[in-house]
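In what follows, a single structure is set out as structure tokens and then discussed.
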Amino acid sequence: MEQELIRIKLRSYDHRLLDQYVKQIIDTVKRTGGVVRGPIPLPVRKRRWVVLRSPHKFDQSREHFEIREHRRILDITRATSQTIESLRDLTLPAGVDVELIIGR
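Each residue of the sequence shown is one higher than the one before, starting from 399 at the first, in our numbering.
Spelled out as structure tokens, the structure:
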């Protein structure tokens, strides 16, 4: 069973955890005979909030919060059925979101 293209989109708040998982995917694909393009780092999505510390007084006293979402894309070409099975058996670490797109 030959697939033309498998695109894997990964998202995480921790870039070290994301890079470890990407390395694990690349090693698995290369071991089973597939070809990997990437990882392609996408821009970091930053979300910021400003919260007043006191609801009644001291309008200028505020707290700032930020969440950073790191994203990567991997393209797998020439994937065999063994590649797909080995990718399915990988354990997904907590905190990493994976989206698979199979085909063109």
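Positions of the beta carbon are idealized from the N, C-alpha and C atoms, including for glycine.
In whole angstroms, what is the alpha-carbon distance linking residue i and residue j?
i, j, result
"I423", "Q480", "13 angstroms"
"H468", "R435", "18 angstroms"
"T475", "L403", "5 angstroms"
"L485", "R466", "27 angstroms"
"I482", "K407", "15 angstroms"
"D495", "G501", "20 angstroms"
For the alpha helix (DSSP H) that contains residue i, what are its first and last residues?
i, result
"T490", "Checking the displayed sequence, the identity of residue 490 turns out to be Leu instead of Thr. Where L490 is concerned, there is no enclosing alpha helix (DSSP H), given that its DSSP letter is neither H nor E."
Using a 10 Å radius around the Cβ and a threshold of 16 neighbouring Cβ atoms, would you call residue i buried or exposed?
i, result
"L498", "exposed"
"Y411", "exposed"
Beta strand (DSSP E) containing residue i: first to last residue?
i, result
"K407", "I404 to S410"
"T426", "Not the beta strand (DSSP E): T426 falls in the alpha helix (DSSP H), residues H413 to R429."
"T475", "R460 to T475"
Of the choices the options, whose alpha-carbon is the least far from that of residue i?
i, options, result
"I438", "K444, V449, R405 and E483", "R405"
"E464", "L488, R445, A477 and R429", "R445"
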